[in-house]
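Here the sequence shown is numbered in this note's numbering, starting from 31 and rising by one per residue. In this text, a Cβ means the ideal position worked out from N, Cα and C, and glycines have one as well. Report on the following structure.
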Amino acid sequence: MKLGVIDMISLAATLVFAIPVANYGVTRLLAGDTILGVGMVIVAVAMVVIPQYILDPRTVAKRLLYGLLPQRLRGEKKPTTKQEKSTNRKE
Numbered sequence: 031m032k033l034g035v036i037d038m039i040s041l042a043a044t045l046v047f048a049i050p051v052a053n054y055g056v057t058r059l060l061a062g063d064t065i066l067g068v069g070m071v072i073v074a075v076a077m078v079v080i081p082q083y084i085l086d087p088r089t090v091a092k093r094l095l096y097g098l099l100p101q102r103l104r105g106e107k108k109p110t111t112k113q114e115k116s117t118n119r120k121e
């Protein structure tokens with residue numbers, strides 16, 4: 031995964047908040063509070079993973095703009111004759 035400058039800054043900002051949450055989770059795990067500790071570690075991992083892999087801003091923007099474009103500007107060819115329509119259905 032290639033990260034640009036904005037992505038690196040975003041990841042750094044996310045880590046600023048995720049690392050203390052993970053640290054608290056590990057501390058709670060070592061203190062014997064298993065449920066809270068595991069929960070906090072999961073929250074910290076989710077804080078980093080969700081924005082990077084699921085909610086990638088470029089992908090969201092690309093899909094939004096792609097959906098707003100007329101079909102002729104999307105690069106898709108629309109079949110015009112009956113023969114072309116039947117050929118496309120067989121493929």
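Could you give the distance in angstroms between the alpha-carbon of Pro81 and the alpha-carbon of Thr57?
25 Å
Three-way DSSP call (helix, strand, coil) for Gly97 in this model:
helix
Taking Val68 and Leu59 to be in contact with their CB atoms under 8 Å, please state how far apart those CB atoms are, rounded to whole angstroms.
7 Å
Could you tell me whether the Cβ of Leu59 comes closer than 8 Å to any Cβ of chain B?
Considering every chain present, this structure includes no chain B. It has just one protein chain.
Is it buried or exposed for Leu74, if we count other Cβ within 10 angstroms and need 16 for buried?
In the sequence under discussion, the amino acid at residue 74 is Ala, which differs from the Leu named in the question. By the 10 Å Cβ count, Ala74 comes out buried.
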